[in-house]
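Undergrad: The structure is given below, and queries will be raised subsequently.
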Amino acid sequence: MKAAEQAYAVLHRGIIEGEFSPGDRLTESDIADRAGVSRTPVREAMRRLEAEGLLRFVPNQGAFVTAWSDEDVDDIFDLRAMLEGHAARLCANRAADEDVEELRQLAKAQLKASRGRGNGRLEEIADLNARFHQRLMACAGSERLTSMLASLANAPLVLQTFRDYTRDELVRSAAHHLEIVEAIEARDPAWADSVMRSHVLAARRVFYMRRATRG
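Last residue of the sequence shown: 214 in numbering that gives the first Met the number 0, with the numbers rising by one and none dropped.
Dropping the structure here:
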């Protein structure tokens, strides 16, 4: 792995998994020590994370982990609900039989993994979740929509929320996916849109609940 990629991986994981909290100041020297690289690739990694919204630079002060306001949270989840709901609607109109079957298999695998959460399965669940949403976007067949959703789906608060899910919340999320597949198979765009919107807004509720718990 290249030094910049190694530094990026250490920073990204630390932010997403909560090792670095919102508002924390990060120094190049500290991250270089953690990643086992020089400061130059750390600087490159930090600029990449700034572009992704994970870090912000303050003149004469340094790099800080991005803190998300309630307005940021609401904007991101509201936009995701609208855009991903539309994607589900398009998919219900355009899906081929093989699209439906692939989405179903991904949803079933996620549900099975969610019911057995533990022993390191969270990464598997996260991967299945991402693949489901990516496959649905491909089924929707709109490059513009895919582009608009890319930054929202990868927003750090979305990834952090997913890792905060309880077992029951993971199962509910996977069950939403299965219902979305049923709606797509039934060629019912309104149903698919409605379930996807509920799916995204339930994730927002989890985010607020966990933030309140952490204080």
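By construction, the Cβ of each residue, glycine as well, lies at the ideal position given by its N, Cα and C atoms.
Bear in mind the structure is a predicted one, so any value in this text is a computation, not a measurement.
Flag this pair as touching only if the region 184-194 and the region 137-151 have three or more C-beta atom pairs under 8 Å; answer yes or no.
TA: With a cut-off of 8 Å, the region 137-151 and the region 184-194 do not count as touching, because too few Cβ pairs lie within range.
Undergrad: Decide if the region 105-117 is in contact with the region 75-88; the criterion is three or more beta carbon pairs, one per stretch, under 8 Å apart.
TA: Contact fails: fewer than three Cβ-Cβ distances are below 8 Å.
Undergrad: Do you know how far the Cα of residue 25 is from the Cα of residue 66?
TA: Position 67 of the sequence shown holds residue 66. Position 26 of the sequence shown holds residue 25. Residue 66 and residue 25: Cα-Cα distance of roughly 13 Å.
Undergrad: Quick check: what's the CA-CA separation for residue 90 versus residue 167?
TA: Walking along the sequence shown from the start, residue 90 turns up at place 91. Walking along the sequence shown from the start, residue 167 turns up at place 168. So the two alpha carbons sit approximately 27 Å from each other.
Undergrad: Decide yes or no for the touch test of the region 26-41 against the region 0-8: beta carbon pairs closer than 8 Å, at least 3 of them.
TA: Output reads yes: the region 0-8 touches the region 26-41.
Undergrad: For a test of the three-state rule: what should DSSP assign to residue 120, helix, strand or coil?
TA: For this step, residue 120 is matched to residue 121 along the sequence shown. Three-state result, residue 120: coil.
Undergrad: Just how far apart, CA to CA, sit residue 44 and residue 71?
TA: What you label residue 44 is simply residue 45 of the sequence shown in a count that begins at 1. What you label residue 71 is simply residue 72 of the sequence shown in a count that begins at 1. Each residue's Cα considered, the two are about 24 Å apart.
Undergrad: Could you tell me the alpha carbon to alpha carbon distance between residue 60 and residue 31, rounded to whole angstroms?
TA: Here residue 60 refers to the residue found at position 61 of the sequence shown. Here residue 31 refers to the residue found at position 32 of the sequence shown. Whole-angstrom Cα-Cα distance: 18 Å.
Undergrad: What's the gap between the Cα of residue 112 and the Cα of residue 100?
TA: Position 113 of the sequence shown holds residue 112. Position 101 of the sequence shown holds residue 100. Distance between the alpha carbons of residue 112 and residue 100 is about 18 Å.
Undergrad: Pick helix, strand or coil for residue 62, following the three-state DSSP scheme.
TA: Within the sequence shown, numbered from 1, the residue matching residue 62 stands at position 63. Residue 62: strand per DSSP, three-state reduction.
Undergrad: Since residue 55 sits in a beta bridge, which residues does DSSP pair it with?
TA: Mapped onto the sequence shown, residue 55 falls at position 56. According to DSSP, residue 55 bridges with 63.
Undergrad: Taking residue 225 as the reference, which of 96, 173, 137, 97 has the closest Cα?
TA: As displayed, the chain neither begins before 0 nor continues past 214, which places residue 225 out of reach and without an answer.
Undergrad: Please work out which residues of its chain come closer than 7 Å, Cβ to Cβ, to residue 47, disregarding the five sequence neighbours upstream and downstream, and give them in chain order.
TA: Here residue 47 is taken as the residue at index 48 of the sequence shown, counted from 1. 7, listed in sequence order.
Undergrad: Taking only runs that begin and end inside the region 157-211, name each unbroken alpha helix (DSSP H) of 4 or more residues, in chain order.
TA: Runs of the alpha helix (DSSP H) inside the region 157-211: 166-184.
Undergrad: In chain order, what residues of the same chain have a beta carbon less than 7 Å from the beta carbon of residue 134, not counting five sequence neighbours either side?
TA: Here residue 134 refers to the residue found at position 135 of the sequence shown. Cβ neighbours of residue 134 beyond the five flanking positions: 101, 102, 105.
Undergrad: For residue 195 versus residue 183, is the C-beta spacing smaller than 7 Å?
TA: By 1-based counting over the sequence shown, the position of residue 195 is 196. By 1-based counting over the sequence shown, the position of residue 183 is 184. Not in contact: residue 195 and residue 183 (Cβ atoms no closer than 7 Å).
Undergrad: Going by DSSP, what residues sit across from residue 25 in a beta bridge?
TA: One-based indexing of the sequence shown puts residue 25 at position 26. Answer is 62.
Undergrad: How would you call residue 218, buried or exposed, if buried means at least 16 neighbouring beta carbons within 10 angstroms?
TA: No answer is possible for residue 218: it lies beyond the span of the chain, which begins at 0 and ends at 214.
Undergrad: Taking the C-alpha atoms as reference points, what is the distance between residue 62 and residue 129?
TA: For the purposes of this step, residue 62 is taken as residue 63 along the sequence shown, with counting starting at 1. For the purposes of this step, residue 129 is taken as residue 130 along the sequence shown, with counting starting at 1. Distance between the alpha carbons of residue 62 and residue 129: 29 Å.
Undergrad: In three-state DSSP terms, what is residue 115?
TA: The residue you call residue 115 lines up with position 116 of the sequence shown. Coil at residue 115, not helix or strand.
Undergrad: If you drop the 5 nearest sequence neighbours on each side, which residues of the same chain put their C-beta closer than 8 Å to that of residue 197?
TA: Here residue 197 refers to the residue found at position 198 when the sequence shown is read from its first residue. Cβ neighbours of residue 197 beyond the five flanking positions: 175.
Undergrad: What's the gap between the Cα of residue 162 and the Cα of residue 109?
TA: Against the sequence shown, residue 162 aligns to sequence position 163. Against the sequence shown, residue 109 aligns to sequence position 110. Residue 162 and residue 109: Cα-Cα distance of roughly 14 Å.
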